[in-house]
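Residue numbers (our numbering): 14 to 319.
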Ligand code: CP
Ligand code: NVA
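This is the structure:
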């Protein structure tokens, strides 16, 4: 594994290795055992969109691994003024040991990897959010004791989060049922790739418009904002279209009694999820947020250690 651009690009073994290293690093961190695997290494973090979790967990993670992280807002670096990805990748490869980038186009992340000579980590694009989906697999494992054969239901917008959950489920043997409204479906190519990957693990990928069918007997229920970054302009239209996909008590009643509720955050209570669900006993959102730290430390350690 040279980069983490998409979970579709990595093998099942590599995905499992990320989760097991994450568990090991989490346990070391909890016990206060130092683990300076990236001593003297430097990670550049390019952000073209806002972030709380990704920014803080990568920066703290790098510190805990003995290295250093630099926050590079695309408003402040020359990339935001039109410097090419080619020049940026080449220049930053001379200073840094790795780059985490959050941006719009998946192709920009891929070009950074193509033109640079250091590991690139996708910190979210319009298409994918691999660090979050791997984190979610760790969180599900912790709460359910396994992954294979479980049912993960995703209700709402067919977005970057959905795509990466499809890829993660397909690689790790988790059955993923997605229900979106018409017009807000997942990307066709992502669905086809996920179905192809799922053949190797036996995972079932089910895509529909029916939230009740999707959530039925689920072990884990997931939703995300109806308004991803960059889509704020279409708010009124979206709120109306998505209302039947709101994860509320009634819909949760179709999942297994011991189902857990996940959300990548930031969440908008009263829209994609009701307060009684997200703040209720089935919710594991803060374990999930914490696990970004441990999972990303594993990703950085695997990609950047000597
Ligand atoms: N879940 C997530 O990526 O959160 P941030 O946008 O705060 O980084
Ligand atoms: N789908 C959301 C995820 C935020 C972490 C967005 O792209 O804004």
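No residue lacks a Cβ here, since even glycine has one placed at the ideal position from N, Cα and C. It should be emphasised that the depicted structure is a prediction, and the values quoted were computed from it without experimental measurement.
{"query": "Host beta strand (DSSP E) of residue 190 (start-end)", "result": "188-192"}
{"query": "Candidates 259, 189 and 178, of which the one nearest residue 169 by Cα", "result": "259"}
{"query": "Stretch-stretch touch, CB-based, cutoff 8 angstroms, three pairs: the segment 45-58 with the segment 308-319", "result": "yes"}
{"query": "Where the beta strand (DSSP E) containing residue 115 begins and where it ends", "result": "111-115"}
{"query": "As assigned by DSSP and simplified to three states, the class of residue 98", "result": "helix"}
{"query": "Sub-9 angstroms separation of residue 235 and residue 165 beta-carbons", "result": "yes"}
{"query": "Heavy atom of ligand 1 within 8 angstroms of residue 86 beta-carbon", "result": "no"}
{"query": "N-terminal and C-terminal residue of the alpha helix (DSSP H) that residue 156 is part of", "result": "143-157"}
{"query": "Any non-hydrogen atom of ligand 1 closer than 8 angstroms to residue 142 Cβ", "result": "yes"}
{"query": "Separation of residue 40 from residue 282, as counted between CA atoms", "result": "32 angstroms"}
{"query": "The beta strand (DSSP E) enclosing residue 267, as first and last residue numbers", "result": "No beta strand (DSSP E) contains residue 267, which DSSP labels as neither H nor E."}
{"query": "In DSSP terms, what residue 166 is bridged to", "result": "190 and 234"}
{"query": "Residue 175 (DSSP reduced to helix, strand or coil)", "result": "helix"}
{"query": "Residue span of the alpha helix (DSSP H) that contains residue 28, given as start and end", "result": "25-44"}
{"query": "Residue 271 beta carbon less than 9 angstroms from that of residue 295", "result": "yes"}
{"query": "Endpoints, the beta strand (DSSP E) within which residue 14 is located", "result": "Here residue 14 belongs to no beta strand (DSSP E), and DSSP marks it neither H nor E."}
{"query": "Three-state class that DSSP yields for residue 240 in the structure shown", "result": "coil"}
{"query": "Residue from 237, 85 and 256 whose Cα sits closest to the Cα of residue 145", "result": "237"}
{"query": "Beta-carbon spacing of residue 19, residue 177 below 9 angstroms", "result": "yes"}
{"query": "Coil, strand or helix - residue 128 by DSSP", "result": "helix"}
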